[in-house]
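Engineer: Here the sequence shown stands for residues 1 to 154, where the numbers follow the UniProt record's numbering.
Below you'll find the structure I mean.
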Amino acid sequence: MTGSAPPLDDMARHEITELYARYSYAYDEARPDQLAGLFTADGAFLREGARPVRGTVALADMVRSAAHHSPGIRHLVTNILLRRTAEGAAGTAYVAALRITPEGLRVLAVGRYEDDFARTTQGWRFRSRRFSPFSPDVPVSGTEQLDTTQTTVR
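Printed below as a string of structure tokens:
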């Protein structure tokens, strides 16, 4: 395996996996500064069909906006795969974004995260996070174009 980066050790895997959870909790609990702190200073959130959200101020604003427009959101992240890269680490995971309301449960988005991580003095941080929906027919989190007759669970 010449030329390839060494594998991630168990501690790095644990810390990065916890970063996935911290992101979900910070987003879902509307903690904008906490979420922004999980990224490098120039970190970015990328989403198909949308402008990149770059830097800690913009990332915090993204969470503030989501808390206002999509209350009750919950992110469920599964199937995390991690690998070492020359610059740090990379990961991929499945994600489902749900909205929980008194009327029921709505699926807002289902897709994949592609993440790039950097090891900083504060620990592992997202350098970039890209969300790609599994299907273009499934709207991205926060849109109101869902057929709720098929996506509401009571």
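Using N, Cα and C, we set each Cβ at its ideal position, and we do this for glycine too.
Computed from a predicted model, the values in this text were never measured in an experiment.
Which value, in whole angstroms, describes the spacing of the CA atoms of residue 156 and residue 45?
Structural biologist: What the structure shows of the chain is the stretch from 1 to 154, and residue 156 is not part of that stretch, so it cannot be assessed.
Engineer: Quick check on DSSP: helix, strand or coil for residue 205?
Structural biologist: Only positions 1 to 154 of the chain appear in this structure, which leaves residue 205 out of reach.
Engineer: Give the DSSP bridge partners of residue 157, in chain order.
Structural biologist: In this structure the chain extends from 1 to 154, so residue 157 is not present and cannot be described.
Engineer: Roughly how many angstroms separate the alpha carbons of residue 17 and residue 103, rounded to a whole number?
Structural biologist: Walking along the sequence shown from the start, residue 17 turns up at place 17. Walking along the sequence shown from the start, residue 103 turns up at place 103. In a straight line, the C-alpha of residue 17 is about 32 Å away from that of residue 103.
Engineer: On the DSSP bridge assignment, give the partners of residue 101 in chain order.
Structural biologist: As a first step, residue 101 must be located in the sequence shown, where it is residue number 101. For residue 101, which the question treats as bridged, DSSP gives the partners 104.
Engineer: Determine, using beta carbons only, whether residue 15 and residue 123 come nearer to each other than 7 Å.
Structural biologist: By 1-based counting over the sequence shown, the position of residue 15 is 15. By 1-based counting over the sequence shown, the position of residue 123 is 123. Result yes, Cβ atoms of residue 15 and residue 123 sit closer than 7 Å.
Engineer: Classify residue 143 as buried or exposed, calling it buried when 16 or more other Cβ atoms lie within 10 Å of its own Cβ.
Structural biologist: Translated into positions along the sequence shown, residue 143 becomes position 143. For residue 143, the predicted model reports a pLDDT of 42, less than 50, meaning its position is unreliable; a value from the coordinates is still stated below. Classification for residue 143: exposed.
Engineer: Helix, strand or coil: how does DSSP classify residue 17 here?
Structural biologist: Position 17 of the sequence shown, counted from the start, is the residue given in the question as residue 17. Correct three-state label for residue 17: helix.
Engineer: With C-beta atoms as the reference, is residue 73 less than 7 Å away from residue 99?
Structural biologist: Along the sequence shown, one-based indexing puts residue 73 at 73. Along the sequence shown, one-based indexing puts residue 99 at 99. In contact: residue 73 and residue 99 (Cβ atoms closer than 7 Å).
Engineer: Under a three-way DSSP split, which group does residue 26 fall into?
Structural biologist: Numbered from its first residue, the sequence shown carries residue 26 at position 26. Residue 26: helix per DSSP, three-state reduction.
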